[in-house]
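Take a look at the structure set out below.
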Amino acid sequence: MAAALKPMERAALIVARGDADNTLRRTRGGFCSTKQPARVFTRRVMNWLYERALLDFDDPDCPAAATLTARGVAEADALVERSVERAGLA
Numbered sequence: 071m072a073a074a075l076k077p078m079e080r081a082a083l084i085v086a087r088g089d090a091d092n093t094l095r096r097t098r099g100g101f102c103s104t105k106q107p108a109r110v111f112t113r114r115v116m117n118w119l120y121e122r123a124l125l126d127f128d129d130p131d132c133p134a135a136a137t138l139t140a141r142g143v144a145e146a147d148a149l150v151e152r153s154v155e156r157a158g159l160a
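Taking our numbering, the leading residue of the sequence shown gets 71, the next gets one more, and so forth.
What follows is the structure, given as structure tokens:
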């Protein structure tokens, strides 16, 4: 069984899922969504998600974008659903 997602991994998945094309783009400070440029994630966090096959880089050696895989989209949707249930909004 895979280890539980770290808090930063969960946050990156949710932010990427909120983007129109499920992609985080590389900027000077790290990877961020075009909708939430204040939430920046390091290459290390992106590598953790890449190793779990939850996202894919456009170029593994020097990525400009990280896009969620089908598995990553499903995991992000599940995270949001669990959060909504815990908040009592469902």
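Built from N, CA and C at the ideal position, the CB exists for glycine as well. Quantities reported herein were computed from a predicted structural model and do not represent experimental measurements.
Ala144 (DSSP reduced to helix, strand or coil): Note: Ala144 maps to helix in three-state DSSP.
Quick one, which of Val150, Gly158, Leu159, Glu155 has its alpha-carbon nearest Gly88's? When the alpha-carbon of Gly88 is set against those of Val150, Gly158, Leu159, Glu155, the nearest one is in Val150.
With a cut-off of 8 Å on the beta carbons, I'd call Phe111 and Met78 a contact; round off their distance for me. Taking the Cβ atoms as the reference, Phe111 lies roughly 7 Å from Met78, within the contact range of under 8 Å.
Less than 6 Å between C-beta atoms, sequence neighbours within five positions excluded: which residues of the same chain meet that for Ala86? Excluding five sequence positions before and after Ala86, the CB atoms of its chain that fall closer than 6 Å to its own CB belong to Asn92, Leu94, Leu138, given in chain order.
Give every residue of the same chain whose Cβ lies closer than 6 Å to the Cβ of Ala135, excluding the five residues on either side of it in the sequence, and list them in chain order. Excluding sequence neighbours, Ala135 sits near Thr93, Arg95, Asp128.
Compare the beta carbon distance of Ala148 and Leu119 with 8 Å and say whether it is the shorter of the two. Against a cut-off of 8 Å, the Cβ pair of Leu119 and Ala148 comes out as no contact.
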